[in-house]
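Trainee:
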Amino acid sequence: MKKHIPVHALALTALFAALTAVGAWIRIPTPWSAFTLQVFFVFMAGALLGPGYGALSQTVYVVLGLIGIPVFISGGGPSYVLQPTFGFLLSYIPAAAVVGMLCGREEAPGFWRIVLACVAGLAVIYVIGLPYMALIVNVYMGGSMGLWDVLWSGMILFLPYDAVKIVLTGLLAKTLIPRLRKLRTV
């Protein structure tokens, strides 16, 4: 017997894959580095779609980039796995799942629950992305990036912006989750 996948779940999954792609192209310059909105959409996908469809939306995003559709910051294609930032892209899949799991199934999770879920999702992103970046830079590219350089260029510069994305996710998701869950029961 085939499992029925609701049309709204498929539509939202596709929407968040597309939003993550658009988020890669929205670059907000700062004095230190530009940041994008990809992580914001990863958090929103997990919070709004739950662990399964949230992770699926990010899987679709990564697969689209790997088959050559230019949805990543520097394009796409299979050779993108050799980019130092590819580990961060891979981490979006489990990060969305973690955010979705920790937001829970309750009708209206509170702001702080969503924020803490996003903090855990961000930890997943850094735990996967930073070692991958170090591996590609130091082994594949033959660089000599030390621990401090990896932490500075791959995480510390972005933490203030990640904090803003987490707060925005908490504020928006707190309002949107109950509305989406009501739609599922109609």
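Residue numbers for the sequence shown, in this note's numbering: 391 to 576. Even for Gly, the Cβ is constructed at its ideal location relative to N, Cα and C.
To the nearest angstrom, report how far apart S543 and F433 are at their CA atoms.
Mentor: 22 Å
Trainee: For G465, write down the residues that DSSP places opposite it in a beta bridge.
Mentor: F462
Trainee: Take every Cβ of the stretch 426 to 441, pair it with every Cβ of the stretch 561 to 572, and state whether three or more of those distances are shorter than 8 Å.
Mentor: yes
Trainee: Between P550, V517, I556, which has its C-alpha nearest A580's C-alpha?
Mentor: This structure gives no information on residue 580, because the portion of the chain shown stretches from 391 to 576.
Trainee: Cβ of Y451 within 9 Å of Cβ of L402?
Mentor: no
Trainee: Quick one, are the C-beta atoms of G519 and S481 less than 9 Å apart?
Mentor: The Cβ atoms of G519 and S481 lie closer than 9 Å to each other.
Trainee: Out of Q428, I395, I416, point me to the one whose CA is closest to A407's CA.
Mentor: Q428
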